[in-house]
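Visitor: What follows is a structure written as structure tokens; I'll ask about it next.
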Amino acid sequence: ANAVAAALRGGFRDVVLREDVPWAVYGDFSAVHILPDYAERLPDPDEDDFVPYCGNLHKLDVKISPRLHCAFRCAMLLHGVDTLGLRGMTCAAHTDEDVDRTVEAFREAVRRLKREGLIG
Numbered sequence: 015a016n017a018v019a020a021a022l023r024g025g026f027r028d029v030v031l032r033e034d035v036p037w038a039v040y041g042d043f044s045a046v047h048i049l050p051d052y053a054e055r056l057p058d059p060d061e062d063d064f065v066p067y068c069g070n071l072h073k074l075d076v077k078i079s080p081r082l083h084c085a086f087r088c089a090m091l092l093h094g095v096d097t098l099g100l101r102g103m104t105c106a107a108h109t110d111e112d113v114d115r116t117v118e119a120f121r122e123a124v125r126r127l128k129r130e131g132l133i134g
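Going by my numbering, 98 is the number at position 84 of the sequence shown; the sequence numbering is gapless.
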């Protein structure tokens, strides 16, 4: 589960860098967190020890727009991936193909949200 989450975080980071989206992707162990509107330096896809805002809980505990949260989940569902929204967990049952499919769904979801003006 930890390896699956690390692969997803790396794939998602690659997408946000290539799509020029100000989102931070981070997490520990089997967690994958996405933090929208992150204005600081984004990590490289292979930089898995990254924690936004150096772990400052006051900055990390931000209210995420319910509209964005719902739109992201719906966009992922349109591409065949069910998530809890911008935060989630993985399990050991996920395969490499699941990771690839999830990263591609994330890429398409980000593009859709950009087209709809929900992210810059």
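Ideal Cβ positions, reconstructed from N, Cα and C, are used throughout, including at glycine.
Only a predicted model underlies this, so the values are computations on that prediction, with no experimental measurement involved.
How many Å lie between residue 96 and residue 90 at the Cα?
Guide: Roughly 6 Å between the two C-alpha positions.
Visitor: Alpha carbon to alpha carbon, what distance is there between residue 56 and residue 32?
Guide: Straight-line Cα distance between these residues: approximately 11 Å.
Visitor: What residues match up with residue 40 in a beta bridge as DSSP calls it?
Guide: Its beta-bridge partners are 47.
Visitor: Determine the closest residue to residue 85 out of 130, 16, 20, with distance taken between C-alpha atoms.
Guide: Looking at the Cα atoms, 130 is the closest of the given residues.
Visitor: Give me the residue from 41, 77, 58 with the minimum Cα distance to residue 34.
Guide: The residue with the shortest Cα to Cα distance from residue 34 is 58.
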